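These notes are about the structure you will find just below.
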Amino acid sequence: MKSACGHTEPRTCESEARDRRQLAARVGPRRHRKMMAAKILDGTAVANQIRREVAPSVEAFTARAGRPPRLGIVLVGNNPASEIYVSGKLKSAGEAGLRADLERLPATATLDELLAVVERLNASDAHDGILVQSPLPEAMGDDAERRVFDVIRPDKDVDGFHPVNVGRLVQNRGTLVACTPSGIIELLERSHVTIAGSRAVVIGRSDIVGKPMALLLLHRHATVTVCHSRTPNLAQVAAEGDILVAAIGRPAFVTPDFVKPGAAVVDVGTTQVTDRATVEKLFPPESKRREVFERRGSLVVGDVHPDVAGVAGALSPVPGGVGPLTIAMLLKNTVTAAILRAGGAG
Ligand code: NAP
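For the sequence shown, numbering that gives the first Met the number 0 begins at 0 and goes up steadily by one.
Quick look at the structure:
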């Protein structure tokens, strides 16, 4: 049987991790950080693979329908992170042969104005998928996102957030499933991480990551524990996981004591850190990450502490882990929606 890190002998992974920890104890924390012994779960490579697999379906649909699958993206306001995410999605869609267009609304737009745009895209025969970029401006109210997701037609809901699509996921018959967790499943499976029979721990219970992640792992026969801000003994519970998914939004929160030696660790977190002291504490001076921080004045940091690389059997990096997969699954969902709307033939 394979271990969570993909080795055929679980004890090998554990003993390797023990060796690494003993070495780290001898050489001190700075050397420990540089070891990076865990296998890299390469999200960029898997995302490229998924895009290549989707390409023939895009071509076939385009030839049959006389137009490419089309995605309508709605962006409200000009949140800098959202601008970057949206331009990445537009670029990737174009590269994959899809058509994606951007509907912009000012930050002062009302929820009714946004809902009117969504209704127009719902009614458009030319649009197969609709994505409303989160977060929405605070002025729209606490439940604005939920109200928007409720209005998007389920068959165009490429984010998989509509209650109908969530219900289908619960029943293990999802067609449009949330992109980030479904991308993580692709990453684990294609990296030969054994899910069936494993203990999986998900930290975070959001509707868009934590909950669908737990369901997808459960449907693949993992025994799943979902943790959150009120979970007592969090590190101890997390360390039971052969697979550990961290979707919290707190930089470097998951330290080595959260990790079972040899576990596969997926880092979903993406927090923009501008505080120099935090970056200096996490990354050594000569590292690429420090170089990026010096250049940009900020750094995207995951939920997993760099020292976890010395304990985990496999680890998804930030950046280059979950992020590219989220976009690849968005493209895949758009093609799926287009095919299903056209009658289901691939
Ligand atoms: P979210 O809605 O804010 O949920 C965060 C979850 O973490 C909540 O369930 C919260 O628990 C839990 N949490 C917060 N502090 C905790 C603590 N001290 N101990 C234990 N649990 C704690 O966030 P999200 O939308 O799921 O996103 C999570 C992270 O993933 C963010 O950094 C986000 O930017 C990133 N993300 C990345 C991608 C990507 O493509 N790379 C996609 C989506 C999200 P409670 O429920 O108890 O409050």
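We put the beta carbon where it would ideally sit given N, CA and C, even for glycine.
As the structure is a prediction and not an experimental result, all values here were calculated from the model.
Check, Outcome
"Which class does L330 belong to by DSSP, given the choice of helix, strand or coil?", "helix"
"Measuring from each Cβ to the nearest heavy atom of the ligand NAP, keep the ones under 7 Å and list them in chain order.", "T179, I202, G203, R204, S205, I207, V208, G209, C226, H227, S228, R229, T230, L233, A246, I247, G248, R249, F252, V267, G268, T269, T270, D302, V321, G322, T325"
"Applying the criterion that 16 or more other CB atoms from any shown protein chain within 10 Å of the CB defines a buried residue, is N47 buried or exposed?", "exposed"
"Pick out the complete beta strand (DSSP E) segments inside the segment 164-237, 3 residues or longer, and give them in chain order.", "198-202, 222-226"
"Apply the 10 Å Cβ neighbour rule to P250 and answer buried if 16 or more other Cβ atoms are within range, or exposed otherwise.", "buried"
"Using a Cβ-Cβ cut-off of 6 Å (strictly less than) and excluding sequence neighbours within five positions of P255, which residues of its own chain qualify?", "D306, V307, V310"
"Among I202, H126, K210, which one has its Cα closest to the Cα of F160?", "K210"
"Tell me R103's beta-bridge partners as DSSP assigns them.", "L74"
"What does the Cβ neighbour count give for V26, buried or exposed, with the cut at 16 atoms within 10 Å?", "At V26, the pLDDT of 34 sits below 50, so the modelled position is not reliable; the number obtained from the coordinates is stated separately. Counting Cβ neighbours within 10 Å, V26 comes out exposed, since fewer than 16 surround it."
"Are the C-beta of E137 and some C-beta of chain D separated by less than 8 Å?", "Protein chains in the displayed structure number just one, and chain D is not present."
"Along the beta strand (DSSP E) that carries D266, what are the first and last residues, could you check?", "263-266"
"What are the start and end residues of each continuous alpha helix (DSSP H) run of 4 or more residues lying completely inside the segment 269-305, in chain order?", "275-281, 287-295"
"Once you ignore the five residues that flank G173 on each side, which residues in its own chain have a CB closer than 6 Å to its CB?", "R167"
"Looking only at its chain, what residues have a beta carbon closer than 7 Å to the beta carbon of T43, apart from the 5 residues adjacent to it on each side?", "G319, P323"
"For R50, count the other beta carbons within 10 Å of its own beta carbon; 16 or more makes it buried, fewer makes it exposed. Which is it?", "buried"
"Excluding sequence positions up to five away, which residues of its chain have a Cβ less than 6 Å from the Cβ of P67?", "T61, G96, L97, R98"
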